[in-house]
Amino acid sequence: MWDLLLLDGHAATLRDHAVDPWGTLREAAIGIQAGRIAWVGPRSELEGPAEEIAIECRSLAGAWVTPGLVDCHTHLVFAGNRADEFEDRLHGDSYADIAARGGGIQATVAATRAASEEALLASARTRCRALMAEGATTIEVKSGYGLTVTDELRMLRVARKLETLEPVRIVTTLLGAHACPAEFRSDPEAYVDLVCRDMIPQARAQGLADAVDAFCEDIGFSPSQVERVLEAATKAGLHTKLHAEQLSDQGGAALAARFGALSADHLEWLSDEGIAAMAEAGTVAVLLPGAFYALRETRQPPVKALRAAGIPMALASDCNPGSSPTTALQLMMSFGCTFFGLTPAEALAGLTREGARALGRAQDLGSIEVGKCADLAIWNIDHPRDLAYWVGGGRLQGVYFGGRLRGPNEGSK
Ligand code: NIG
Ligand code: FE
């Protein structure tokens, strides 16, 4: 007997190799057992009367079911905000100008270091719940606003804690090489030493990080510095990811691919060589239209070339106080289509199946398939393309997390 059987709905399963890009299943039935999907198919193929194969049956009353949303790139833990920089940018300053005068990431580092662990947790929890209210069931959270061993580990601890407080899966990424802290300005190599020698091994030893990321950019770290970080991460047995080609072409994506990185993220300046290397390595392209929008970028990531090369494309919020101050996860589907030229099906796949792939969790998450976690979003829509069509969402009816319906106060804004 299954624990639960969902009936009378339609599913966009997002499974690979389906007959259409949505993995459409009309009049679907989804059997759930011990938090996982035990059966999925057309209701007409159920072996026996519903009430004899499941302890409980629930009607979806014509709603659509998709995998729960996976936000595979966020900087959810931080203190303060940078609305002043938003105003400065509107007056003509660039993101790089602001960073060069000690604002930008450094401003958030100062605020984050000064905040208590409780305060960091409380504000991250609010943002986490806002993402959950958009349909997120898995959220990746990066460190990167501490930039000392103690402060980076503290950020990761806060991120891990979210999972004990809310019905959501958290995946953590150490982003010690986000910016060179002021105290190392005269010797950035010494800071990279600290990241490689102390931060990465300690995060690993304390089980606080699933992956390691870095910011490969003129205002971040050079390719040779990033290489050292990725080397140390690989040696520690951690997955790798990279902020690459956001503001300029540094060859970061190809470098990440060389390390078998799970993903290269941003990619507005991605070159043909980068695309070839990512395709070869199976590195996921994570597209972040929230940052493109907020920074008023004009150069789009090469979506047509990524598509032609068969590179999986994920979408994420990049929630952070500087370049993408948003928790409007569903809006990213609209942005992904309108700004980057994704199809609505690619946009939904980007926030589900490919997001899971970018986290190395495709075996468990991201599609409605037997054996995967029963993380499901229920939508009040006529067709899944509506999810990208509505600007800013608002069609979420409910969420199953590990086969359990989230309560009305869980993940409310
Ligand atoms: O993904 N590019 C670097 N990191 C973040 C921005 C961080 C910040 O501005 O605070 C990003 O856009
Ligand atoms: Fe980011």
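Residue 432 in our numbering is what sits at position 348 of the sequence shown, and the numbering runs on without skipping anything. By construction, the Cβ of each residue, glycine as well, lies at the ideal position given by its N, Cα and C atoms. None of the values given here were measured: they were computed from a predicted structure.
Contact annotation: V368 and S347 have beta-carbon atoms nearer than 8 Å. The stretch 409-428 and the stretch 232-246 do not touch, with fewer than 3 CB-CB distances between them shorter than 8 Å.
Within 7 Å of the C-beta of G406 there is at least one heavy atom belonging to the ligand NIG.
For T318, the enclosing alpha helix (DSSP H) stretches over residues P307 to K319. Contact between E301 and L331 holds, with the beta-carbon distance rounding to 6 Å and staying under 8 Å. With respect to L258, V252 sits apart: the two C-beta atoms are not nearer than 8 Å. Between T108 and A96, the gap from beta carbon to beta carbon is short of 8 Å.
Between L98 and G450, the CB-CB gap stays under 8 Å. In this structure C403 is not in contact with T210, their Cβ atoms being roughly 11 Å apart against a cut-off of 8 Å. Where R437 is concerned, the enclosing alpha helix (DSSP H) starts and stops at R437 to A442.
If you draw a straight line from the Cα of D172 to the Cα of I223, it is about 30 Å long. Excluding residues up to 5 positions away in sequence, nothing lies with its Cβ nearer than 6 Å to the Cβ of R342 in the same chain. In the structure shown, P151 falls within a strand segment according to DSSP collapsed to helix, strand and coil. If you check the C-beta of T192 against the ligand NIG, you find a heavy atom less than 7 Å away. Taking C-alpha positions only, V483 is separated from V149 by approximately 9 Å. The ligand NIG has a heavy atom closer than 7 Å to the beta-carbon of F299. Going by C-alpha positions, C141 is about 20 Å away from K456. The three-state secondary structure of A95, taken from DSSP, is strand. Look at V233 here: in three-state DSSP terms it is helix. DSSP places V475 in the coil class of the three-state scheme, outside both helix and strand.
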